[in-house]
Amino acid sequence: MYSAGEKAKILKELDSLPHGGQGAYLRQAKLYSSLVDRWRKQRDEGLEAKRGPKGKPQEVKDLERRLHEAEVRSRQLEAKLKRAELVIDLQKKIQIAFGQSQESPEKPEPED
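Heads up, the sequence shown is in my numbering, so the first residue is 75 and it goes up one at a time.
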């Protein structure tokens with residue numbers, strides 16, 4: 075494996091040689107012309123051989139962001155629901171403590 079710097083150096087040396095001298099250089103360095111052609115293509119496209127995972131497409135990033143926001147919102151709503159249930163439970167206990175029935179008051183019947 076050659077580093078990017080080594081590839082650039084080899085290509086520079088090859089480009090400085092006359093056409094007949096390039097073949098001799100490749101044989102001496104034990105390189106294949108197809109490999110050097112690939113290096114030239116990478117250089118011309120401005121690409122170097124990169125390792126590692128590819129970046130995620132923007133669509134996937136957007137979906138992951140939306141999922142994260144939904145999870146955060148869900149946790150917030152669950153906490154709010156828990157607080158509301160505690161308040162309701164407390165209100166029931168207060169009603170019982172003061173002797174109020176839990177039933178709603180009856181409406182008076184209208185007189186004719």
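We treat Cβ as the ideally placed atom computed from N, Cα and C, and that holds for glycine.
All figures in this text were calculated on a predicted structure; none of them were measured in a lab.
Give every residue of the same chain whose Cβ lies closer than 8 Å to the Cβ of residue i, excluding the five residues on either side of it in the sequence, and list them in chain order.
| i | result |
| --- | --- |
| Arg114 | Leu85 |
Is residue i buried or exposed, if buried means 16 or more other CB atoms sit within 10 Å of its CB?
| i | result |
| --- | --- |
| Lys81 | buried |
Roughly how far, in whole angstroms, is the beta-carbon of residue i from the beta-carbon of residue j, given that I think they are within contact range, below 8 Å?
| i | j | result |
| --- | --- | --- |
| Tyr106 | Leu88 | So it is not a contact: roughly 13 Å between Cβ atoms. |
Strictly under 9 Å for the Cβ-Cβ distance: is residue i near chain B by that measure?
| i | result |
| --- | --- |
| Asp163 | Absent from the structure: chain B. Only one protein chain is present. |
Check each candidate in the options and name the one with the smallest Cα separation from residue i.
| i | options | result |
| --- | --- | --- |
| Lys104 | Met75, Glu143, Gly173 | Met75 |
| Ser77 | His93, Gly97, Arg117, Gly95 | Arg117 |
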